[in-house]
Amino acid sequence: MAVSFCGKRLLLTRTNLFANPRRHGYIVLVPEIGEDLPEKNPLSSSTGLPEFNNDPLPEPCVEAIQRRRTHLAGYRLCRELYLANLDLQLHLTSDYWLDVMRKLYPHYHPFPLDRKDAHPCSLVAIASGDWGAAYYGHLWSRMIAADVYSAFAEAKEPAARQEVGRRFRDTFLALGGGCHPGEVFRRFRGRDPSPTALLQTLGIYKPQTVGGGGGSAAAHPKAAGKEEQQQQQQQQ
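Quick note: the sequence shown, position 20, residue 20 per the UniProt record's numbering, numbers continuous.
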């Protein structure tokens with residue numbers, strides 16, 4: 001089976017149709033990658049619209065499209081983490097749903113829960129759909145997609161990008177559900193998934209500073225300033 005993707009026909013799978021189905025966390029992986037491409041690809045600025053005589057998109061427009069993902073990124077990420085955890089807890093425990101909601105909500109939101117809020121009643125996907133105890137798959141797919149895209153971003157030369165593309169085709173697109181998703185990712189990236197790429201995409205990644213002694217003061221300017229003031233007071 002083949003499908004058109006980014007103007008090219010790609011082979012979806014070579015695996016047996018009766019093989020184990022693909023996990024929820026990987027079902028929407030390719031669409032997520034397709035969403036990343038136009039937002040990060042440098043060719044975005046050269047993409048025109050027929051209504052405007054195919055003129056290139058203005059640079060402010062391209063930047064606005066790219067900033068769309070980082071707008072309230074921290075809040076939206078916490079919201080998705082909350083819904084994923086709520087879904088799991090509702091399926092793991094026999095506690096009343098309202099008690100579960102009130103217990104989890106403060107851990108993920110900076111503002112209090114309205115006393116009339118009953119949003120779990122509208123979560124049809126986890127109550128009667130196919131995402132029961134699997135809502136986390138949406139966020140997991142975004143994380144995997146960001147990590148996969150970072151492999152293309154790290155390839156600077158055309159030949160290297162072609163090699164990454166072939167590897168993506170031979171793993172995610174060709175293996176289907178006949179291979180465990182974790183193994184598919186390891187064959188593509190050579191390691192386990194990491195959330196770093198997603199956090200960088202959202203603009204909220206802050207690398208941890210490792211070190212001690214003088215390095216800790218350099219990592220914390222305010223602390224270093226207080227130490228200098230204390231030393232000056234002692235000298236006086």
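Glycine included, each C-beta is placed from N, C-alpha and C at the ideal position. Quick caveat: nothing in here was measured; it's all calculated off a predicted structure.
Sixteen is the threshold: when 16 or more other Cβ atoms of the shown chains lie within 10 Å of the Cβ of threonine 201, as they do, the residue is buried. Going by beta carbons, isoleucine 33 and aspartate 87 fall outside the 8 Å limit. For isoleucine 144, the closest of Gly129, Ala84, Ser194 and Ala174 by C-alpha to C-alpha distance is Ser194. Counting only runs that start and end inside the region 132 to 165, the alpha helix (DSSP H) elements of at least 4 residues fall at 136 to 154. When DSSP states are grouped into helix, strand and coil, lysine 103 belongs to the helix group. A check of alpha carbon separations from tyrosine 82 across Asp55, Pro120 and Glu63 identifies Pro120 as the nearest. In this structure valine 30 is buried. Its beta-carbon is surrounded by 16 or more other beta-carbon atoms within 10 angstroms.
Under the 8 Å Cβ criterion, the region 181 to 198 counts as touching the region 138 to 157, having at least three qualifying pairs. The alpha-carbon of valine 100 is positioned some 12 Å away from that of alanine 118.
Judged by their CB atoms, glycine 203 and alanine 64 are not nearer to each other than the 8 Å cut-off.
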